[in-house]
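*Asks:* Following this message is one structure expressed as C-alpha cells.
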Amino acid sequence: MAPRWLTTISTLLCLLVCTAETWSMPNFGRRENVPCAACHTQVPRLNRFGYEYRRAGFRMPENIGKEDKPFNFGELFAARVQTSVDYSHSDNNGQSADSFGFNFREFTMYPLSGSWGKYFSSLTELSLLPEDFFEVENAYVRANLGKPDHFGHLRFGIFHPFEGYGASDRPLGISRPLFQRTAANFNQSTFFTPWGFDQMGLEGGYTYKGFSASVTVFNGTFVKDDDGTLKGFPAQGGALFKTATAPSLNYKDFQLFLNQMIGERAGLSAFYYHGTLDLAKDLSMPLGAGNLWRNRFDRFSLYAYGQVWKHLALQAGGQLGIDHYFDAAEGSTNKTFLSGGAFGEVLVPIIPGLTAGARYDYCDPASNKDGNEIHAATAVINWTHSTGLQLIGEYSFVDTALGAGKSDRQNHSLQLRMIFIM
Amino acid sequence: MRRLLIAVVWWPFFLGAARAEENGKPIYQEHCAKCHGSRGDGKGPVGRALDPKPTDFTYAKADDAAWFKVTKFGTKAAGKSDGMEGYGKLLTDDQIRAVLTYCKTFKR
Chain A
91 MAPRWLTTIS
101 TLLCLLVCTA
111 ETWSMPNFGR
121 RENVPCAACH
131 TQVPRLNRFG
141 YEYRRAGFRM
151 PENIGKEDKP
161 FNFGELFAAR
171 VQTSVDYSHS
181 DNNGQSADSF
191 GFNFREFTMY
201 PLSGSWGKYF
211 SSLTELSLLP
221 EDFFEVENAY
231 VRANLGKPDH
241 FGHLRFGIFH
251 PFEGYGASDR
261 PLGISRPLFQ
271 RTAANFNQST
281 FFTPWGFDQM
291 GLEGGYTYKG
301 FSASVTVFNG
311 TFVKDDDGTL
321 KGFPAQGGAL
331 FKTATAPSLN
341 YKDFQLFLNQ
351 MIGERAGLSA
361 FYYHGTLDLA
371 KDLSMPLGAG
381 NLWRNRFDRF
391 SLYAYGQVWK
401 HLALQAGGQL
411 GIDHYFDAAE
421 GSTNKTFLSG
431 GAFGEVLVPI
441 IPGLTAGARY
451 DYCDPASNKD
461 GNEIHAATAV
471 INWTHSTGLQ
481 LIGEYSFVDT
491 ALGAGKSDRQ
501 NHSLQLRMIF
511 IM
Chain B
13 MRRLLIAVVW
23 WPFFLGAARA
33 EENGKPIYQE
43 HCAKCHGSRG
53 DGKGPVGRAL
63 DPKPTDFTYA
73 KADDAAWFKV
83 TKFGTKAAGK
93 SDGMEGYGKL
103 LTDDQIRAVL
113 TYCKTFKR
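Residue numbers (this note's numbering), protein chains in the order written: chain A, 91 to 512; chain B, 13 to 120.
Structure, rendered in C-alpha cells:
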C-alpha cells in the first residue's frame, strides 16, 4: 500500500492537472470571470471590493435587484481539500515531547453558494473531518435590498460570527490571534471564544458607502461531555441544542459588529458580544440540572487594518472580556473577572499571490489571576496559484504560564498546509 | 454622381461599424465595465483593487491586434501579468470585435 504522503501528493497533483484547463477559480471568480486579486489581498483575506461583494450577497452591489444570470452549476459550487505536514516540539515543566506527521485536515464542499434571483444568496460550507464526521460551518440564506452604495441585508442560518474587513475574518496563515481562540478562565474554562462556534442566528445589517453595521441574535453555545471531555458546541439545532433543563435555554446571545472602511486599503472594526453559557458548579460531578449555573459574559474588540505601502500592511487588535464565575464558598454567581488580549501583525506582499507575515500575540485568560498569561509569535508564508492550489507555511511559538513556581509550557510548531480549491 | 457611387459602395462599411459599436455596448457593460469602468476609464469597482490597473480606454492608443488577443486569450497569453482572464469561451470573435469597437468610443 502506498505511503499516505505519496497518496496525498499524487491526489493534489492530479487535481491540479485535471483542472488547470478551467483555471480552477472558485465559483465567485468563475461567475464574474475575474482573477483572485479582484476580491482578495492574499487568499483568503478580502480587499474592500471582496468585502462589499460578499455583503451584497455574492454579487456586484449594483446588481442587487437585477435579474440574475441563468443557473450555472459551476458558479454555485466549490470544493476544497486540505492536508498538512506537521511538526511540534513542546517543553512542559522539564519534560519535552515531539511529534511529526502527515495529516488529512478536511474536505469541504460549498454547494449552493452564490447569488440567485434578484435579492437572494446563500452560502453552505460542509466539512468532512477525520475526528468529526460532518461539520456545518456555514448554511445560511441572505436577502439584500437597496442601492449599490447603501443596502441592507437579512441573514438567517448558521454563519461565522463576523465578516470583518478591519477585523478580517481570515488570518494570513493557519492560526488566529490568541484572544479569538482562547477561552477566559478564572477557576474553570468558560469555553466561549469569539471564533470557532458557527452558531445559528438571525442577522440584520446595513451598508452605507464605506460603513457597515450588523446586529445578530444567536442561539448561543453550550457545553457537553464529549467522550469524557467537556467541550463547547454551538446550538445549531437537532442534536446540537441546549437541554431542556439548561438555565440558559431561552436566553439568546447578541452581537454587534461595526466596520468602517478608510479609503481602499484600510479599515476599522468594532465587535461586541453578549452571551450566556451554562457551566458546572462542581467539575467533579456530571453536568446536569442541579450542577449548572449560567455565566453571563461580554466581549469587546477593536481591530485596525491598513496597507501602508505596496509591500507592507499592518493589522492589530485587542479584546476585553467580562465573565462571571461561581464562588463555591459563597454559592455566588455574581462575581466577575476580566480577560483580555491583543495582537500586532505585519504582512508583506512580496509578489502577486505571495505574502509573508509575522504576528505577536498576548492573551490573559483571567487578569485577576497571576501566572496564566500566554504569549505567541507566529511567522507565515502564504502562496496562492490561480489554479486553486495554495501552500501555507507557518511557524508558531507559544509560551503559556502555568502558575507560580512552575516553568512555562513552551511549544514550537511548524506546519505546511496544502489546500486545493476549485 | 461620383459621390453618390462612393456613398453607395462605402455605406455598408459605415453602417457595419456603427452596428458593431452598438452591439458592443451591452457586452461591454456586462463583462468589461466591472474592471474598466462604465466610462472606460479603468476605474471599475473591481479594477480599483487590481495591480496593474485595467486599461484606461480614454487615452490608451488603440491596437486592434493586441487588444483582440488580450480580450480573447487573457493578459498572460499576451505576455503580460496574470490580471485578466480571456473571454474567448464566453464571446465569439465578432462579439469581441464589437466590444473593442465600442471601447474606441471612449477615447478623448
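Ideal Cβ positions, reconstructed from N, Cα and C, are used throughout, including at glycine.
Shortest alpha-carbon distance to residue 457 (chain A) belongs to which of A:203, A:231, A:226 and A:274?
*Replies:* A:274
*Asks:* Please name the residue, chosen from A:315, A:499, A:117 and A:262, that lies closest to residue 136 (chain A) on a Cα-to-Cα basis.
*Replies:* Distance check between residue 136 (chain A) and each of A:315, A:499, A:117 and A:262 places A:262 closest, using alpha-carbon atoms only.
*Asks:* Within 10 Å of its beta-carbon, does residue 143 (chain A) have 16 or more other beta-carbons around it, so buried, or fewer, so exposed?
*Replies:* buried
*Asks:* Please state if the CB of residue 182 (chain A) and the CB of residue 209 (chain A) are separated by a distance shorter than 8 Å.
*Replies:* no
*Asks:* Among residues of its own chain, excluding the 5 on either side of residue 331 (chain A), which ones have a beta-carbon nearer than 7 Å to its beta-carbon?
*Replies:* 325
*Asks:* Could you work out which residue in A:184, A:157, A:194 and A:272 is closest to residue 464 (chain A) when comparing CA atoms only?
*Replies:* A:272
*Asks:* Going along chain A, which residues have a C-beta under 9 Å from residue 62 (chain B)?
*Replies:* 124, 125, 127 and 128
*Asks:* Would you kindly report the start and end of the unbroken alpha helix (DSSP H) that includes residue 144 (chain A)?
*Replies:* 138-145
*Asks:* Determine the closest residue to residue 399 (chain A) out of A:370, A:409, A:354 and A:378, with distance taken between C-alpha atoms.
*Replies:* A:354
*Asks:* Got a sec: is the Cβ-Cβ distance from residue 357 (chain A) to anything in chain B below 8 Å?
*Replies:* no
*Asks:* Helix, strand or coil for residue 471 (chain A)? Go by DSSP, reduced to three states.
*Replies:* strand
*Asks:* Would you say residue 354 (chain A) faces chain B, with C-beta separation under 8 Å as the test?
*Replies:* Cβ-Cβ to chain B under 8 Å: yes for residue 354 (chain A).
*Asks:* Is any beta-carbon of chain B found at less than 8 Å from that of residue 138 (chain A)?
*Replies:* yes
*Asks:* Taking residue 111 (chain B) as the query, report the chain A residues whose CB atoms sit under 7 Å from its CB, ordered along the chain.
*Replies:* Near residue 111 (chain B) there are no residues of chain A at all, since even the closest Cβ is about 13 Å away, more than 7 Å.
*Asks:* Give me the residue from B:13, B:36, B:51 and B:61 with the minimum Cα distance to residue 356 (chain A).
*Replies:* B:61
*Asks:* What residues from chain A crowd round residue 48 (chain B), counting only those whose CB sits closer than 7 Å?
*Replies:* Counting only Cβ-Cβ distances below 7 Å, residue 48 (chain B) has no contacts in chain A at all, with the closest Cβ about 12 Å away.
*Asks:* Please state whether the Cβ-Cβ distance between residue 132 (chain A) and residue 472 (chain A) is less than 8 Å.
*Replies:* yes
*Asks:* Taking 8 Å as the CB-CB cut-off, is residue 512 (chain A) touching chain B?
*Replies:* no
*Asks:* Consult DSSP for residue 478 (chain A) and reduce its assignment to one of helix, strand or coil.
*Replies:* In this structure, residue 478 (chain A) counts as coil in the three-state DSSP scheme.
*Asks:* What do you reckon, is the C-beta of residue 244 (chain A) under 7 Å from a heavy atom of the ligand COA?
*Replies:* Absence of the ligand COA is noted for the structure shown, with no ligands found whatsoever.
*Asks:* On the DSSP letters alone, give me the boundaries of the beta strand (DSSP E) that residue 109 (chain B) sits inside.
*Replies:* Careful: residue 109 (chain B) lies outside any beta strand (DSSP E), inside the alpha helix (DSSP H) at 105-115.
*Asks:* Report the residue ranges of all beta strand (DSSP E) runs contained in full by the stretch 430-512 of chain A; include only those spanning at least 3 residues, in chain order.
*Replies:* 444-454, 464-474, 479-490 and 499-511
*Asks:* Taking one C-beta from the stretch 288-295 of chain A and one from the stretch 304-316 of chain A each time, how about it: are there three or more such pairs within less than 8 Å?
*Replies:* yes
*Asks:* How is residue 233 (chain A) classed by DSSP in three states: helix, strand or coil?
*Replies:* In the three-state DSSP reduction, residue 233 (chain A) falls in the strand class (E or B).
*Asks:* Within 8 Å of any Cβ in chain A, is that where the Cβ of residue 57 (chain B) sits?
*Replies:* At a cut-off of 8 Å between beta carbons, residue 57 (chain B) contacts chain A.
*Asks:* Looking only at its own chain, which residues have a Cβ that is under 7 Å from the Cβ of residue 110 (chain B), when we skip the five neighbours before and after it?
*Replies:* 32, 35, 36 and 39
*Asks:* Does any C-beta atom of chain D lie closer than 8 Å to the C-beta of residue 114 (chain B)?
*Replies:* Here chain D cannot be found, since the structure's protein chains are A and B.
*Asks:* Tell me where the beta strand (DSSP E) around residue 213 (chain A) begins and ends.
*Replies:* 210-218
*Asks:* Note down, in chain order, every chain A residue with its Cβ under 9 Å from the Cβ of residue 99 (chain B).
*Replies:* 123
*Asks:* Alpha carbon to alpha carbon, how far is residue 228 (chain A) from residue 148 (chain A)?
*Replies:* 14 Å
*Asks:* Closer than 9 Å between beta carbons: that is the criterion. Which residues of the stretch 146-173 of chain A meet it against chain B?
*Replies:* 150, 151 and 152
*Asks:* Residues of chain A with CB under 8 Å from residue 102 (chain B), in chain order?
*Replies:* Chain A residues near residue 102 (chain B): 123.
*Asks:* Please compile the residues from chain A whose C-beta is within a distance smaller than 8 Å of the C-beta of residue 95 (chain B).
*Replies:* 125 and 127
*Asks:* By the 10 Å Cβ neighbour count, where 16 or more other Cβ atoms means buried, how is residue 134 (chain A) classified, buried or exposed?
*Replies:* By the Cβ-count criterion, residue 134 (chain A) is buried, with 16 or more other Cβ atoms from all chains shown falling within 10 Å of its own Cβ.
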